[in-house]
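When you line the sequence shown up against full-length UniProt numbering, it's residues 1 to 228, in that order.
Glycine residues also receive a C-beta, built at the ideal position from the N, C-alpha and C atoms.
As the structure is a prediction and not an experimental result, all values here were calculated from the model.
Presented below is the structure to which this report refers.
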Amino acid sequence: MVKILLIEDDRRLASFIRKGLEEQLFSVKCVSSGYEALAVTQDIYFDLIILDIMLPDVSGFQICTAIRERKITSPLIILSALDNPEEKVKGLQAGADDYLGKPFHFEELLARINAQLRRKSFEKGILDVQKYADLEVNIAEQGAKRAGKNILLSPREYKLLLFLLNNRERVVSRTQIAEAVWDIHFNTHTNVVDVYINYLRNKIDKGFAAPLIHTVKGRGYMLKQKEE
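Structure (structure tokens):
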């Protein structure tokens, strides 16, 4: 799961951004001060950082500079009401990768986040497509193909498939799936994992001679190619 650090002291705005990003299946950590940001980035790696400039304790520009001095290379987007060209230049010179002024449309913020994550993946040499057997999962587009046939997935189905793919040929329990895909502790009284496994089977395995998603009785599920 992509982890995002949001440094924003406006609680209402932070809640709005967090909710929107979590609906897109990002994991979001919110802090409201510069010193909190410096503390948390010392212990946790984030795939992307969103930084407000006008923080209660220290300037966001200083936080940006400090983050880069620590050799933290995660993409960093400044989100600020200071929207004049001089402030934008200052932010970019401090080490930001992008600068978005307030007010803003959430769709634009999301597009900028995805653009930064794609660039990061390209620079690190991470393949946009993961393959197993005749299955292909497109990381950038959050889609899949099997034997060249396009498969339309919901965000949750995509996340479930990617988790199974990353753990291919290993049994994963319902608890592991629930915590990875839903960010919740598994409730034995719910069948949500089984329901989504069935959704995924109908899209990935239906119509193909060899299924890839297997039930391991009493243990969980496994993505595995049928052995000849």
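Check                                                                                                                                                               : Outcome
Please list, in chain order, all residues of the same chain as Arg112 whose beta carbon is under 8 Å from its beta carbon, the five residues on each side excluded. : Ile77, Asp98 and Leu100
I need the straight-line Cα distance from Leu13 to Ile50, nearest angstrom please.                                                                                  : 12 Å
Reducing DSSP to helix, strand and coil, say where Arg168 ends up.                                                                                                  : coil
Who are the Cβ neighbours of residue 229 in its own chain at under 7 Å, not counting the five residues just before and after it?                                    : Here the chain covers residues 1 to 228 and nothing more, so residue 229 does not appear.
If you draw a straight line from the C-alpha of Val171 to the C-alpha of Arg219, how long is it?                                                                    : 7 Å
Would Pro75 and Arg119 qualify as a contact pair, given that the criterion is a beta-carbon distance under 9 Å?                                                     : yes
Per DSSP, which residues does Ala37 bridge with? Please list them.                                                                                                  : None; Ala37 has no bridge partner.
Using a 10 Å radius around the Cβ and a threshold of 16 neighbouring Cβ atoms, would you call Gly95 buried or exposed?                                              : buried
Once you ignore the five residues that flank Arg201 on each side, which residues in its own chain have a CB closer than 8 Å to its CB?                              : Pro211 and Ile213
Buried or exposed, going by whether 16 or more other CB atoms sit within 10 Å of the CB of Gly207?                                                                  : exposed
Compute the beta-carbon to beta-carbon distance between Leu117 and Asp47, rounded to the nearest angstrom, for a pair I have assumed lies under 8 Å.                : 7 Å
Quick check: Lys203 and Leu152, are their CB atoms within less than 9 Å of each other?                                                                              : yes
Give the DSSP-derived three-state secondary structure of Leu223 in the structure shown.                                                                             : strand
Is Val28 helix, strand or coil when you go by DSSP?                                                                                                                 : strand
Report buried or exposed for Ser80, applying the criterion of at least 16 other Cβ atoms within 10 angstroms of its Cβ.                                             : buried
Specify the secondary structure class of Ala144 as computed by DSSP and reduced to three states.                                                                    : strand
Using only CA atoms, which one of Glu23, Leu21, Leu25 and Leu55 lies nearest to Val31?                                                                              : Leu55
If you compare alpha carbons, which of Thr41, Asp57, Gln42 and Ser173 is closest to Met222?                                                                         : Ser173
Just to confirm before moving on: does the CB-CB distance between Gly34 and Ser59 stay below 9 Å?                                                                   : yes
In the structure shown, what three-state DSSP assignment does Val2 receive?                                                                                         : coil
Taking the alpha helix (DSSP H) that Leu100 falls in, what are its first and last residues?                                                                         : Run containing Leu100: none in the alpha helix (DSSP H); it sits in the beta strand (DSSP E), Asp98 to Gly101.
Using only the alpha-carbon positions, how far apart do Lys131 and Asn166 sit?                                                                                      : 10 Å
As a quick exercise: from Lys29, Tyr199, Phe61 and Glu23, pick the residue whose alpha carbon is nearest that of Val89.                                             : Phe61
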